[in-house]
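Have a look at the structure below, then the notes.
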Amino acid sequence: MPRTNLAGVVHHGIPLDRYAFGGSGTDYLAFLGRMTDQKRPDRAIALARQSGLTLKLAGPVDPGNPTYFDNVVKPHLDAAIQHVGNVTDDQKQGFLSNALALVFPIDWPEPFGLVMIEAMACGTPVIGWDVGSVREIVDDGVTGIIVNSVEEALDRLPEIRNLDPAIIRKTFEQRFSADRMAREITDLYRQFGV
Numbered sequence: 000m001p002r003t004n005l006a007g008v009v010h011h012g013i014p015l016d017r018y019a020f021g022g023s024g025t026d027y028l029a030f031l032g033r034m035t036d037q038k039r040p041d042r043a044i045a046l047a048r049q050s051g052l053t054l055k056l057a058g059p060v061d062p063g064n065p066t067y068f069d070n071v072v073k074p075h076l077d078a079a080i081q082h083v084g085n086v087t088d089d090q091k092q093g094f095l096s097n098a099l100a101l102v103f104p105i106d107w108p109e110p111f112g113l114v115m116i117e118a119m120a121c122g123t124p125v126i127g128w129d130v131g132s133v134r135e136i137v138d139d140g141v142t143g144i145i146v147n148s149v150e151e152a153l154d155r156l157p158e159i160r161n162l163d164p165a166i167i168r169k170t171f172e173q174r175f176s177a178d179r180m181a182r183e184i185t186d187l188y189r190q191f192g193v
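Structure below.
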């Protein structure tokens, strides 16, 4: 977008009470997104296999790429790698807050990635690939880790256990609340006299 057409950047926000802080923090990795080559659940599968952790994949089979699930994801499903299908907003609370981490292994320039802040709202850290907006959302070493490969994610996985869920939630509250989003949008309108 030409700079002259850009009034500013306002990151998404969600209501602070949409997700509650805290969960059991069990030893499963969570993936939440469409089963497609852009979202790369295969990377989450590889990370789970190599780390010995279980993985719960949530999300629909991509209607624009239905063979991806059958060819790339389905052959790996077993007791340790589970596809739980779609989850509702109510189900996301338990799904995200009970996970060790959300794996966000995208392979395209994702413009935001709402699921990252949903996980942070629950106090769950993010393992995000350094693509698109991930670096704008995840504070490396604070709210998660930013990596470039499965191997790097595997090497840095122990760091996840040392991240403080309360700090992750507090960071979400400061940076990604709906109130903050509304304030920043209103400020932009005022700045340009609208």
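With numbering that gives the first Met the number 0, the residue at position 47 of the sequence shown is 46, and numbering never jumps. Beta carbons: idealized from backbone N, C-alpha and C, even for Gly.
Buried versus exposed, by CB contacts within 10 Å (16 or more), residue i
{"i": "Gly84", "result": "exposed"}
{"i": "Pro65", "result": "exposed"}
{"i": "Gly192", "result": "exposed"}
{"i": "Gly63", "result": "exposed"}
{"i": "Arg160", "result": "exposed"}
{"i": "Ala78", "result": "exposed"}
{"i": "Gln173", "result": "exposed"}
{"i": "Arg134", "result": "exposed"}
{"i": "Arg168", "result": "buried"}
{"i": "Lys73", "result": "exposed"}
8 Å contact criterion, which residue i and residue j should meet: CB distance rounded
{"i": "Met119", "j": "Val9", "result": "Between Val9 and Met119 the Cβ distance is about 17 Å, and since that is not below 8 Å, they are no contact."}
{"i": "Asp106", "j": "Val71", "result": "Contact flag wrong, Cβ pair sits at about 12 Å."}
{"i": "Leu187", "j": "Ala6", "result": "5 Å"}
{"i": "Thr170", "j": "Asp138", "result": "6 Å"}
{"i": "Phe30", "j": "Leu54", "result": "6 Å"}
Residue i vs residue j beta-carbon contact at 9 Å
{"i": "Ser96", "j": "Phe175", "result": "no"}
{"i": "Phe94", "j": "Ala57", "result": "yes"}
{"i": "Thr185", "j": "Leu99", "result": "no"}
{"i": "Leu162", "j": "Val149", "result": "no"}
{"i": "Leu28", "j": "Val102", "result": "yes"}
{"i": "Ile166", "j": "Ile136", "result": "no"}
{"i": "Val114", "j": "Gly51", "result": "no"}
{"i": "Tyr18", "j": "Gln92", "result": "yes"}
{"i": "Pro108", "j": "Ser132", "result": "yes"}
{"i": "Gln49", "j": "Leu153", "result": "yes"}
Closer than 9 Å to chain D by CB, residue i
{"i": "Val141", "result": "Among the chains of the structure shown, chain D does not appear; only one protein chain is present."}
Cross-strand partners of residue i (DSSP beta bridge)
{"i": "Phe103", "result": "Gly127"}
{"i": "Lys55", "result": "Ala29, Gln81"}
{"i": "Gly143", "result": "Val125, Asp139"}
{"i": "Val60", "result": "Met34"}
{"i": "Ser96", "result": "BP columns for Ser96 are empty, so no partner."}
{"i": "Ser176", "result": "Ile13"}
Say whether the segment 36-53 touches the segment 9-21, bearing in mind that this needs 3 or more beta-carbon pairs closer than 8 Å, one atom from each stretch. no
Within the chosen definition, does the segment 114-129 reach the segment 140-158 through at least 3 CB pairs nearer than 8 Å? yes
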